[in-house]
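Data block below; observations after.
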Amino acid sequence: MNQRTGGPAGAPTIEQIMSPGPGRRPPRHWMDLAPAERVDAVRAMGLPAFRARQISTHWFTRLEDDPAGWTDLPADARERIAGILLPPLLEPVQELAADHGTTVKTAWRLYDGCLVESVLMRYLHRTTVCISSEAGCGIGCPFCATGQGGLQRNLSTAEIVGQVVHGARLLARGSAPGGPGRVTNVVFMGMGEPLANFSAVLAAVRELTRPEPDGLGISARGLTVSTVGMVPRMRQLTGAGVPVTLAVSLHAPDDELRDELVPLNRHFDIDAVLDAAWDHARTSGRRVSIEYVLIKDVNDQAWRADLLARRLAERGDWNWAHVNLIPLNPTPGSRWTASRREDEEAFVRHLARHGIPVTVRDTRGREIDGACGQLAARVGADGGDLARRAVGGAPAGA
Ligand code: SAH
Ligand code: SF4
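Have a look at this one:
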């Protein structure tokens with residue numbers, strides 16, 4: 006493995022990048038607990054063990070967050086259970102709709118004032134929730150709004166899963182345009198680097214995929230974890246044996262440019278990242294998605310498409326990787342913009358000529374700054390509650 010020893014002065018050290026961030030912990034929540042721990046928790050409150058299953062059924066299956074509706078639990082215990090075991094963690098401060106209401110983006114305030122976001126996207130045959138794994142991000146990619154503010158802290162498992170539960174609740178109640186539905190896909194592509202918050206993210210993946218009533222029962226095939234290439238953690242994820250899809254944010258096929266666009270590359274270079282990605286594809290049977298933000302005159306030259314194709318093809322021609330090109334959504338004040346249409350088309354053509362499967366990401370939610378931490382950044386800059394635009398009578402958060 007090509008692990009490099011360090012970067013230029015001023016770049017974060019690998020210890021800083023891999024550390025969990027400042028030690029504030031949100032209140033413990035039902036969604037932080039494994040099923041056996043939930044039984045212990047109800048017993049510790051003096052309740053019989055079977056109450057744990059009832060609580061989980063209300064939370065994960067019925068998606069009922071109002072204790073008044075937990076009618077099979079003793080009336081005098083409901084509020085106490087909610088207060089102790091299911092404290093509110095996510096307060097919605099802004100909800101924006103786009104694409105005729107089929108995209109809904111929510112900015113959340115956490116218990117300590119941190120802001121994160123999640124996005125619900127409805128398509129014809131699937132519904133995807135894009136979630137955050139950290140408040141801020143410590144990697145510092147210069148084109149990314151989240152990266153500009155640095156890392157505030159890792160999210161807890163409950164804060165991560167809660168974003169999906171909220172989306173599931175909107176759908177189950179028919180509050181999202183398109184009528185009642187279910188969450189079929191979850192992508193860790195909101196704020197943060199999921200593999201920098203490895204244990205909480207892995208626990209969240211297990212909870213999202215655990216059958217009801219102990220989890221949300223979403224197929225692991227519907228889950229995508231996006232990483233900039235934390236190679237040891239990619240290998241740990243592969244070793245954990247959960248067949249999630251891995252998305253690798255590559256953005257450049259040469260180390261010289263990638264060192265600039267993705268500062269973590271100074272620690273784990275492209276060969277190391279692609280080798281780990283290839284191993285994940287082989288072990289999980291899931292094709293890896295190579296994410297590539299197209300930035301005008303920075304990384305969009307045809308020769309870079311050829312080099313990218315060669316580096317993927319030299320690792321095997323069994324379609325182990327698919328390239329997803331993302332038009333840059335410029336961050337405020339940035340000198341970078343999205344590629345010209347003709348350069349984007351040439352990039353696609355060059356990859357396709359080498360037999361590499363390639364798509365250009367649809368720009369869902371573009372007018373509400375979808376998919377890259379910009380809404381929360383803006384709410385933070387405004388410093389307070391912005392008017393919440395009602396989205397079909399969307400209920401309060403998880
Ligand atoms: N930290 C992880 C996951 C969150 S970012 C990662 O980087 O993979 C999710 C995706 O949004 C990444 O592919 C990232 O490169 C992309 N992204 C970030 N800023 C963007 C921007 N300004 N325009 C378009 N895509 C962006
Ligand atoms: Fe972090 Fe991903 Fe943004 Fe880079 S692109 S700063 S890794 S959230």
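Numbering (the working numbering), first residue to last: 6 to 403.
Here a beta-carbon is modelled for each residue, glycine too, at the ideal position from N, C-alpha and C.
- A residue is listed when its beta-carbon falls short of 5 Å from at least one non-hydrogen atom of the ligand SF4; in chain order these are Cys-142, Ile-144, Cys-146, Cys-149, Thr-151, Gly-152, Glu-198, Val-233.
- DSSP lists Thr-108, Thr-133 as the beta-bridge partner residues of Met-126.
- Straight across, the Cα-Cα distance linking Pro-53 with Arg-291 is about 42 Å.
- In this structure His-256 is buried. Its beta-carbon is surrounded by 16 or more other beta-carbon atoms within 10 angstroms.
- Between the segment 164–176 and the segment 90–109 there are three or more inter-stretch CB-CB distances shorter than 8 Å, so the stretches are counted as touching.
- Between Leu-90 and Val-44, the C-beta spacing is not below 9 Å.
- Only residues of its own chain outside the window of five on either side were considered, and among them Leu-68 have a CB closer than 6 Å to the CB of Ala-177, listed in chain order.
- In this structure, the ligand SAH has no non-hydrogen atom nearer than 8 Å to the beta-carbon of Ser-344.
- Comparing C-alpha distances from Gly-143 to each of Val-124, Arg-158, Arg-58 shows the shortest one belongs to Arg-158.
- Taken from the Cβ of Ser-231, at least one heavy atom of the ligand SAH lies inside 8 Å.
- Take Asp-219, set aside five residues on each side of it, and the residues of its chain with a beta-carbon closer than 6 Å to its own are Pro-40, Ser-61, in chain order.
- By the neighbour-count definition (other C-beta atoms within 10 Å, threshold 16), Tyr-297 is a buried residue.
- Ranked by Cα distance from Gly-184, the options Ser-254, Arg-174, Val-353, Cys-135 are led by Arg-174.
- For Ser-294, the uninterrupted beta strand (DSSP E) segment begins and ends at 293–299.
- Runs of the beta strand (DSSP E) lying entirely within the segment 143–201 and spanning at least 3 residues, in chain order: 156–159, 190–193.
- By the neighbour-count criterion, in which 16 or more other beta carbons inside 10 Å mark a residue as buried, Glu-198 falls on the buried side.
- The beta carbon of Ala-252 sits closer than 8 Å to at least one heavy atom of the ligand SAH.
- Burial state of Ser-294 is buried, judged by a 10 Å Cβ sphere holding 16 or more other Cβ atoms.
- One thing to note: Thr-243 has its Cβ no nearer than 9 Å to the Cβ of Arg-226.
- The C-alpha of Gly-186 lies about 44 Å from the C-alpha of Arg-271.
- In terms of CA proximity to Arg-30, Ala-205 leads the group Pro-237, Leu-279, Ala-205, Leu-313.
- For Thr-214, the uninterrupted alpha helix (DSSP H) run begins and ends at 203–214, by DSSP.
- Inclusion of Ile-331 in the 8 Å shell around the ligand SAH follows from its C-beta lying nearer than that to a non-hydrogen atom of the ligand.
- Within the model, the alpha-carbon separation for Arg-85 versus Phe-55 is close to 17 Å.
- If the five residues before and after Arg-127 are omitted, its C-beta is found closer than 6 Å to the C-beta atoms of Thr-107, Gly-183, all from its own chain and listed in chain order.
- DSSP, read as helix, strand or coil, puts Glu-139 in strand.
- Distances from the alpha-carbon of Val-353 to those of Val-365, Glu-261, Arg-345 put Val-365 closest.
- Taking all protein chains in view, the Cβ of Glu-261 is surrounded by fewer than 16 other Cβ atoms within 10 Å, so the residue is classified as exposed.
- For the ligand SAH, a non-hydrogen atom lies closer than 8 Å to the CB of Phe-193.
- Proximity of the segment 118–134 to the segment 297–312 falls short of the contact definition, fewer than three beta-carbon pairs being nearer than 8 Å.
- Check the Cα spacing between Thr-132 and each of Asp-274, Met-196, Val-191, Arg-83: the tightest is with Val-191.
- Cβ neighbours of Leu-200 within its own chain (closer than 6 Å, five residues either side excluded): Thr-232, Met-235, Arg-238.
- For Ser-254, the enclosing beta strand (DSSP E) stretches over residues 250–254.
- In the DSSP annotation of this structure, Leu-228 is not part of any alpha helix (DSSP H); the continuous beta strand (DSSP E) holding it starts and ends at 228–232.
- For His-256, the CB falls within less than 8 Å of some heavy atom of the ligand SAH.
- Secondary structure of Ala-103 (DSSP, three-state): strand.
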